[in-house]
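**Student:**
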Amino acid sequence: MSVRLTIFRIVTNLARALEICAEAVMRPEDLIRLNHRFYAQMVWNQDDHDVTRGLHDWEQQLIGSLATRGRALACGCGTGREVIGLARLGFQVMGVDIVETVVERARENARKAGMEADFEVQDITTLSLSKGPFDLVTLLGYPYSLIPTRRKRIEMLSRIRSVLTPNGRCLINFYTRQCTKRQQWVHRLRKLVAFVTFGNRECQVGDIIHQGAFFTHFFQDPKEIEEEARAAEFQIERLDFHHEQGGHALLTHAS
Ligand SMILES: C[S@@+](CC[C@H](N)C(=O)[O-])C[C@H]1O[C@@H](n2cnc3c(N)ncnc32)[C@H](O)[C@@H]1O
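Count along the sequence shown from 1, then add 15; that gives the number in this note's numbering.
Put into structure tokens, the structure is as follows:
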């Protein structure tokens, strides 16, 4: 039994390592399309009961404590949860999401909740808005972790910075998980696959495609977030980073 168990473990570990390596053939644009497809399918199964509850407690506390009010932009707004929550706090809100049907649902949910808000279909990595500037930009529910590559996340943050008022703030949350030594070795193999297949040569430790369905980046340590924020000319007003439990950061223009 123990021999069979050992063989089973070796084979399943090998299969997982192969799967992780295969992920590297997907370029960043392919990963964005993969996420688009996932959320476009998800919206049909989603129960909107939670949406009308608005902000989670930690979001409510943090945003509620800011003196800032005015215009808010919710990036990757989903079916409207934080748009409704921000509107309740007195913000004039615009929500953007990459999936058209998700945006339609958000519009309907905001109307049902009695909140006025604008919506647009936009890929937040190529954000281009006629409206603005905004006093607050939010990426809640982890869209920051859904963006592949450090380069794309920095470009996105720079675009966001350009639509913020001088005292404006950007609030992001993200997944965290420290990779094991073995995962780091598999990552080296993945880099090799990316190189020979002209795939995602910018893939990083912490990149994962969950069950072939959607891409997520798990941040390894607070330094990773700090460096991306700094590269986009933001400074960090507040950073909460909990290994395995995710984190959030409040960003302001670098002075
Ligand atoms: C987990 S949901 C979060 C929804 C909402 N912010 C919340 O907290 O309830 C992530 C959302 O990000 C959107 N998204 C993913 N990649 C995106 C991109 N590149 N541009 C815009 N939206 C994106 C998805 O379509 C999805 O609706």
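Here a beta-carbon is modelled for each residue, glycine too, at the ideal position from N, C-alpha and C.
According to DSSP, is glycine 214 part of a helix, a strand, or is it coil?
**Tutor:** Here the question's residue 214 lines up with position 199 in the sequence shown. DSSP places glycine 214 in coil when its eight states are reduced to three.
**Student:** Looking at the strands, I want to know which residues DSSP matches up with asparagine 188.
**Tutor:** Position 173 of the sequence shown, counting from 1, holds the residue named residue 188. Per DSSP, His263.
**Student:** In angstroms with no decimal places, state the Cα-to-Cα distance between tyrosine 159 and glycine 95.
**Tutor:** Your numbering for residue 159 matches position 144 in the sequence shown. Your numbering for residue 95 matches position 80 in the sequence shown. So the alpha carbons of these two residues sit roughly 17 Å apart.
**Student:** Grab me the residues of phenylalanine 249's own chain with a C-beta within less than 8 Å of its C-beta, minus the 5 sequence neighbours each way, in chain order.
**Tutor:** The residue given as residue 249 occupies position 234 in the sequence shown. Here the set comprises Leu172, Arg176, Cys185, Leu266, Thr267, His268, Ala269.
**Student:** Should glutamine 226 be listed as close to ligand 1, given that the test is whether its C-beta is under 7 Å from any heavy atom?
**Tutor:** The residue labelled residue 226 in the question sits at position 211 within the sequence shown. Outside the cutoff, so no.
**Student:** Between valine 108 and alanine 87, how many whole angstroms is the CB-CB distance? I'm expecting something under 8 Å.
**Tutor:** Translated into positions along the sequence shown, residue 108 becomes position 93. Translated into positions along the sequence shown, residue 87 becomes position 72. Right, the Cβ-Cβ distance comes to about 5 Å (below 8 Å), so this counts as a contact.
**Student:** Return yes when the Cβ of glycine 105 is within less than 8 Å of the Cβ of threonine 191, no when it is not.
**Tutor:** The sequence position of residue 191 within the sequence shown is 176, counting from 1. The sequence position of residue 105 within the sequence shown is 90, counting from 1. Not closer than 8 Å, so no.
**Student:** Would you list the one or two residues that DSSP bridges to alanine 132?
**Tutor:** The count along the sequence shown starts at 1 and reaches residue 132 at position 117. For alanine 132, which the question treats as bridged, DSSP gives the partners Val108.
**Student:** Checking the sheet assignment: what are the DSSP bridge partners for arginine 52?
**Tutor:** For the purposes of this step, residue 52 is identified with residue 37 of the sequence shown, where counting begins at 1. Arginine 52 pairs with nothing; no bridge assigned.
**Student:** I want to check one thing, is the minimum distance from the CB of asparagine 50 to the heavy atoms of ligand 1 below 7 Å?
**Tutor:** Here residue 50 is taken as the residue at index 35 of the sequence shown, counted from 1. Flag set: Cβ of asparagine 50 near ligand 1.
**Student:** Determine whether the beta carbon atoms of glycine 147 and valine 111 lie at a separation below 8 Å.
**Tutor:** Within the sequence shown, the letter at position 132 stands for residue 147. Within the sequence shown, the letter at position 96 stands for residue 111. The answer is no: Cβ separation not under 8 Å.
**Student:** Please give me, in chain order, every unbroken run of the beta strand (DSSP E) with length at least 3 that falls completely inside the region 53–102.
**Tutor:** Runs of the beta strand (DSSP E) inside the region 53–102: 86–90.
**Student:** For histidine 258, which residues of its own chain have a beta-carbon under 8 Å away from its beta-carbon, when the five flanking residues on both sides are left out?
**Tutor:** To locate residue 258, count along the sequence shown from 1; it is residue 243. If we look at histidine 258 and ignore the five residues flanking it on each side, its Cβ neighbours are Thr191, Arg192, Gln193.
**Student:** In terms of residues, what are the limits of the beta strand (DSSP E) holding arginine 253?
**Tutor:** By one-based count along the sequence shown, residue 253 stands at place 238. It spans 249–257 - the beta strand (DSSP E) in which arginine 253 sits, taken as one unbroken run.
**Student:** Kindly say whether asparagine 188, judged by its beta-carbon, lies nearer than 8 Å to any beta-carbon of chain C.
**Tutor:** As a matter of chain content, chain C is missing from the structure shown, which is built from one protein chain.
**Student:** Is glutamate 97 a contact residue of ligand 1, with contact defined as CB to any heavy atom under 7 Å?
**Tutor:** On the sequence shown, position 82 is the one that residue 97 refers to. Checking the Cβ of glutamate 97 against ligand 1 gives yes.
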